Structure formats: C-alpha cells, structure tokens
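Asks: Order-wise, the sequence lines are chains C and V.
Reading the first sequence from the start, the letters are residues 702 to 811 in our numbering.
Reading the second sequence from the start, the letters are residues 50 to 163 in our numbering.
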Amino acid sequence: AQRVTQPEKLLSVFKGAPVELKCNYSYSGSPELFWYVQYSRQRLQLLLRHISRESIKGFTADLNKGETSFHLKKPFAQEEDSAMYYCALSGPWNTDKLIFGTGTRLQVFP
Amino acid sequence: KAGVTQTPRYLIKTRGQQVTLSCSPISGHRSVSWYQQTPGQGLQFLFEYFSETQRNKGNFPGRFSGRQFSNSRSEMNVSTLELGDSALYLCASSLVQGAGNEQFFGPGTRLTVL
Numbered sequence: 702a703q704r705v706t707q708p709e710k711l712l713s714v715f716k717g718a719p720v721e722l723k724c725n726y727s728y729s730g731s732p733e734l735f736w737y738v739q740y741s742r743q744r745l746q747l748l749l750r751h752i753s754r755e756s757i758k759g760f761t762a763d764l765n766k767g768e769t770s771f772h773l774k775k776p777f778a779q780e781e782d783s784a785m786y787y788c789a790l791s792g793p794w795n796t797d798k799l800i801f802g803t804g805t806r807l808q809v810f811p
Numbered sequence: 050k051a052g053v054t055q056t057p058r059y060l061i062k063t064r065g066q067q068v069t070l071s072c073s074p075i076s077g078h079r080s081v082s083w084y085q086q087t088p089g090q091g092l093q094f095l096f097e098y099f100s101e102t103q104r105n106k107g108n109f110p111g112r113f114s115g116r117q118f119s120n121s122r123s124e125m126n127v128s129t130l131e132l133g134d135s136a137l138y139l140c141a142s143s144l145v146q147g148a149g150n151e152q153f154f155g156p157g158t159r160l161t162v163l
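1) Counting Cβ pairs closer than 8 Å, one from the region 120-127 of chain V and one from the region 69-79 of chain V, do we hit at least three?
2) To be precise: take each residue of the region 101-134 of chain V, compare its Cβ to all Cβ atoms of chain C, and keep it if any distance is under 7 Å. Which residues remain?
3) Residues in its own chain within less than 7 Å of residue 127(V) by CB, not counting five upstream and five downstream?
4) Pop quiz: residue 762(C) and residue 772(C) are said to be a contact at Cβ under 8 Å. What is the actual Cβ separation, rounded to whole angstroms?
5) Residue 773(C) CB to nearest chain V CB: under 9 Å?
6) Among all the DSSP beta bridges, which residues are the ones paired with residue 54(V)?
7) Spatial neighbours of residue 163(V) within its chain, please: C-beta separation below 6 Å, excluding the five flanking residues on both sides.
8) Shorter than 9 Å from the beta carbon of residue 787(C) to some beta carbon of chain V?
9) Ordered along the chain, which non-local residues of its own chain (more than five positions away) have a Cβ less than 7 Å from that of residue 130(V)?
10) Within the continuous beta strand (DSSP E) that includes residue 769(C), where are the two ends?
11) Find the nearest neighbour of residue 703(C) within the set 792(C), 713(C), 760(C), judged by alpha-carbon distance.
12) Applying the 10 Å Cβ sphere with the 16-neighbour rule, what's the burial state of residue 103(V)?
13) Following a CB-centred definition, is residue 772(C) positioned closer than 8 Å to any heavy atom of the ligand NAD?
14) Out of 752(C), 758(C), 775(C), 757(C), which has the shortest C-alpha to C-alpha gap to residue 764(C)?
15) What does DSSP give as the partner residue(s) for residue 138(V) in the beta ladder?
16) Measuring straight from C-alpha to C-alpha, what distance separates residue 58(V) and residue 767(C)?
17) Comparing the C-beta of residue 765(C) with each C-beta of chain V, is any distance below 9 Å?
18) Would you list the one or two residues that DSSP bridges to residue 115(V)?
19) Please list the segments of the beta strand (DSSP E) lying wholly inside the region 720-754 of chain C, counting only runs of 3 or more residues, in order along the chain.
20) Return no unless some Cβ of chain V is closer than 9 Å to the Cβ of residue 727(C).
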C-alpha cells in the first residue's frame, strides 16, 4: 500500500538551530517525492521535489531508497520557516495523484 | 499569471443536501486534482482530471463526483451530504499530467455540514 509517514506532529526549535523533519514512505515502485509547505494564511505550495535535486530557502531533502526516507533538513532555522510541512509522494508516472503525510508543524522561536 | 481559484470560499449546508464546488486552474494547465482536508484524516486525494477525463479516483463513496470542462475548469459534487463531509476541499492544477509535476493549489472551499 502507498503510504507516507511523518512521525512528528510538532517540531519546536530555536532560531539558528538545525532542523530535520522526518518522512518515510511505502511504495512498490519508484515514486516521486515532494515537500509541500503551508505558511500561515497562505496556500499549500511546493517547497522542493526529489526530481529537481534543488535547495530551496536553505532546505534540502535526500531520497534514501534503502531506508525509504525523504527527510527535510535545514542547517540553521529561521523564524520565517515556521509553517506546516507535508511530505508527499506521487506515482506511477502517468498520474498527478499525491499521497500526503499527516504533516509536521515547525515552530521556530526567536 | 492568476493562480488557481475556487468558488465559493465558504459554504454551509445541512445533511441530505447536495453541493457543487468549482475550480478554475491556472491558464494553460490541463490537469486538475481535488483533495479533501480534515483534521482527522489530513489531505486525501479525491479525483484527478485531464482532458475532460477522470484519470484517477480516491477511496471515497459514489456520493462524491466530479467533471472537467473543455476549458479545463472543474467541478466536484457531493450529494446527500453527511456531517463527516465537513472539510476544506482543495483543488490543484498542473501543466500536464504526470508524477513529478509541481501542483499549484487553490485557497480551498470550506464546507460545513450542519
């Protein structure tokens, strides 16, 4: 069965601390993995995706197929990073269907 | 470029009624997907449309239906509303259909069933 697991509902850190939001997935095949973010009173938007291998706003995520993980990391958290973060997967190739995790709320304190 | 728009933004209905929600994708986008967001179940996939054809359907009862028009606009309909249908309904569009595409989300329609 296709599933995305985000074990932490809430992650609280101080500004400047490293951040790691965990994401594990279950999928029989080669999924595409994403991180979507929702800032307060804004729409859900793409933060980054595995296929692009890019760093956005200082965030990176590495797909580990052996551990079926796609953890989101940032070395130094900023207050403006406070938001709801959703890990999602998509597959097979001919679908836009996203399977979302339950989300992790990141709070960055000054 | 205008983003994904959804109308209405808020709806209050009573049990047993039906409701139609509308989504206008970003100009040029041909793929539209719908999601239901609730505190208990999170974000769940409802349907996916491309070129006026439903390409994928989530695990929802037949009371949930949708369609896509030739201009890529999409509607979803929920008949015989139940209390549990209260949720935020999100629409997302992408340029073409396919895993790996960025999807652009609308602001959502907040449906309350009394």
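Cβ coordinates follow ideal geometry from the N, Cα and C atoms, glycine included.
Source: prediction; values computed, not measured.
Replies: According to the structure data:
1) Between the region 120-127 of chain V and the region 69-79 of chain V, the count of Cβ pairs shorter than 8 Å is three or higher; the stretches touch.
2) For the region 101-134 of chain V, residues whose beta-carbon sits nearer than 7 Å to a beta-carbon of chain C comprise 104, 105.
3) If you number the second sequence from 1, residue 127(V) lands on position 78. The answer, listed in chain order, is 67, 68, 112, 113, 134.
4) Taking the first residue of the first sequence as position 1, residue 762(C) is located at position 61. Taking the first residue of the first sequence as position 1, residue 772(C) is located at position 71. The pair is a contact, with the Cβ atoms about 6 Å apart (cut-off 8 Å).
5) Mapped onto the first sequence, residue 773(C) falls at position 72. At a cut-off of 9 Å between beta-carbon atoms, residue 773(C) makes no contact with chain V.
6) As a position in the second sequence, residue 54(V) is number 5, starting the count at 1. Residue 54(V) pairs with 73(V).
7) For the purposes of this step, residue 163(V) is taken as the residue at position 114 of the second sequence. Once the five neighbours on either side are set aside, the close Cβ partners of residue 163(V) are 63.
8) Looking up residue 787(C) in the first sequence gives position 86. Closer than 9 Å to some Cβ of chain V, the Cβ of residue 787(C) qualifies, so yes.
9) The sequence position of residue 130(V) within the second sequence is 81, counting from 1. Sequence-distant Cβ neighbours of residue 130(V) in its own chain, meaning closer than 7 Å and more than five residues away, are 62, 64, 65, 66, 67, 68, 162.
10) One-based indexing of the first sequence puts residue 769(C) at position 68. From DSSP, residue 769(C) is part of no beta strand (DSSP E); its letter is neither H nor E.
11) Start at 1 with the first residue of the first sequence, and residue 703(C) comes out as number 2. Residue 792(C) is the option with its Cα nearest to residue 703(C).
12) Along the second sequence, one-based indexing puts residue 103(V) at 54. Residue 103(V) counts as exposed, since fewer than 16 other beta carbons sit within 10 angstroms of its beta carbon.
13) As presented, the structure is devoid of all ligands, the ligand NAD included, so that no description of it is given.
14) Counting from 1 along the first sequence, the entry for residue 764(C) is found at position 63. Checked all of 752(C), 758(C), 775(C), 757(C); the closest Cα to residue 764(C) is 752(C).
15) Along the second sequence, read from residue 1 onward, the residue named residue 138(V) stands at position 89. Residue 138(V) is bridged by DSSP to 85(V), 158(V).
16) Within the second sequence, the letter at position 9 stands for residue 58(V). Within the first sequence, the letter at position 66 stands for residue 767(C). The C-alpha of residue 58(V) lies about 43 Å from the C-alpha of residue 767(C).
17) By 1-based counting over the first sequence, the position of residue 765(C) is 64. No - not a single Cβ of chain V is within 9 Å of the one on residue 765(C).
18) In the second sequence, counting from the first residue as 1, residue 115(V) sits at position 66. Its beta-bridge partners are 125(V).
19) Within the region 720-754 of chain C, the complete beta strand (DSSP E) segments at least 3 residues long are 720-722, 725-727, 733-739, 746-750, listed from N- to C-terminus.
20) To locate residue 727(C), count along the first sequence from 1; it is residue 26. Under the 9 Å criterion on CB atoms, residue 727(C) is classed as non-interfacial with respect to chain V.
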